[in-house]
């Protein structure tokens, strides 16, 4: 039978989409240049949506001569002077932008004399705008579809700025800003005299709490995420935001010095919250966590790290029936007994991501917790007393795992990853770590009992992208065994094996952000 050659270009669109989608970023960028048909295809189906084009100071002139045949959607400008050539670039491709990031960018001082005045950019398709220490907000006239807006480190942020932004934003979901805010009545009256109001004549000199509150009120029906951690607000004003009628937040980040009593009040007023971060800068104890769990019964994501006070409230945390993401890294005050009681009363059976770095949890309690949450996709139990037997259970049952971190687990040895136990009971089904077919990232740094023989036998994954074996004595840059590990893991992009300044890192794609 005569063999027929089939052109790749003749394949159906859905097949080509699958093929190009399987390629890493570098390969997709190369494929664009093969022929006009592929270039058109990749542009038409927006297969470069996850690529960020990065301009930085040494390549300032690259902006001038950039002519794009490929329809990139995300751009980052770092330490760029916004001159007329950059303005021309921004205007020419404004309809193409979906995400824009400006870091340490300055508009030329003579910009007002330019042919382009303030607020000339109309970005109909822009959804994400982030600025850090950059005075570029005044360049934008219209971005009605922006859902994420982050303005950090901009000294020119004023009531007038927020007023202008209010005229063009209609779908804002996530808002984050930083800076000093006046909230005392006496300070406010210094800038608004003789009956002047924010609505009639917003100040170009100061950012007031009244203006911030009005901005949030304007977008209360769409806003779901609010970052207050970088704003200098009083505890009372933070709670005032939580009382805005109709505001139903899903996620909030608190100012670092917010007292726990005000955290409780905020949560009581915003029972719609499903994600909460209580980091080390906040004074969070058992009473605070218990109150939060009581108010936010629908909580899905909870981050408490590091913390040196909470203990018994772990029982209430693990009774949150909708909990999917839990991070308790370095919360070392939670005792082994409290973990045991929490597992006995467990109601959290939907965990998808769990991080218990340095947890004082007994191996038996950890094993039971994981057995009852088999859909976990991301697990970090570094610096714990996890045993080979519990690791065997993980390898056998947690088949949805995509990321597993087992750094500095001193009890883990070869049998844990190979599944080869000399003596095992009827309750143990020897299972190698390679049974985790969906694993994309594996971190086994600093495990002294592992050997090169065990790793060669166990680490065989079809889709593993990142492998970390730092400070494993048996493996170094010159060890030929690393080539065997590479061969056994054909899709490996990052392989890190030394703390030396010149790390060995196998890179097969462009980084999302340089």
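Numbering (UniProt numbering), first residue to last: 1 to 514. Note that the Cβ used here is the ideal one computed from N, Cα and C, for glycine as well. Quick caveat: nothing in here was measured; it's all calculated off a predicted structure.
Local Cβ density within 10 Å of residue i, reported as buried at 16 or more and exposed below that
| i | result |
| --- | --- |
| residue 454 | buried |
| residue 348 | buried |
| residue 246 | exposed |
| residue 422 | exposed |
| residue 432 | buried |
| residue 342 | buried |
| residue 189 | exposed |
| residue 497 | buried |
| residue 359 | buried |
| residue 444 | buried |
| residue 205 | exposed |
| residue 49 | exposed |
For residue i, the three-state DSSP class (helix, strand or coil)
| i | result |
| --- | --- |
| residue 500 | The predicted model places residue 500 with a pLDDT of 46, which falls under 50 and marks its position as unreliable; any figure quoted below should be read in that light. Coil. |
| residue 467 | strand |
| residue 311 | coil |
| residue 270 | coil |
| residue 443 | strand |
| residue 71 | coil |
| residue 96 | coil |
| residue 192 | coil |
| residue 187 | helix |
| residue 405 | strand |
| residue 48 | coil |
| residue 40 | helix |
| residue 251 | strand |
| residue 421 | coil |
| residue 326 | strand |
| residue 77 | strand |
| residue 20 | helix |
Unbroken alpha helix (DSSP H) run spanning residue i, endpoints
| i | result |
| --- | --- |
| residue 337 | 336-344 |
| residue 88 | 84-92 |
| residue 212 | 209-218 |
| residue 389 | 388-397 |
| residue 286 | 286-295 |
| residue 103 | Element bounds for residue 103: not the alpha helix (DSSP H) but the beta strand (DSSP E), 99-103. |
| residue 366 | 363-371 |
| residue 483 | 481-488 |
| residue 27 | 25-31 |
| residue 384 | Looking at the DSSP string, residue 384 is not in any alpha helix (DSSP H), and its letter there is neither H nor E. |
Terminal residues of the beta strand (DSSP E) in which residue i lies
| i | result |
| --- | --- |
| residue 225 | 225-227 |
| residue 56 | 52-56 |
Residue-level contact to chain D via CB, residue i, 8 Å cutoff
| i | result |
| --- | --- |
| residue 15 | In summary, chain D is missing from the structure at hand, where a single protein chain is found. |
For residue j and residue i, the rounded distance between their alpha carbons
| i | j | result |
| --- | --- | --- |
| residue 129 | residue 75 | 10 Å |
| residue 402 | residue 459 | 14 Å |
| residue 357 | residue 173 | 32 Å |
| residue 119 | residue 213 | 24 Å |
| residue 156 | residue 234 | 21 Å |
| residue 269 | residue 243 | 6 Å |
| residue 265 | residue 457 | 54 Å |
| residue 490 | residue 28 | 18 Å |
| residue 248 | residue 169 | 18 Å |
Residue(s) in a DSSP beta bridge with residue i
| i | result |
| --- | --- |
| residue 522 | The requested residue 522 is not part of the displayed model; the chain covers only 1 to 514. |
| residue 232 | 180 |
| residue 131 | 102 and 151 |
| residue 304 | 278 |
| residue 140 | 121 |
| residue 256 | DSSP, once it has assigned bridges, lists no residue as partnering residue 256. |
| residue 378 | 353 and 403 |
| residue 175 | 149 and 226 |
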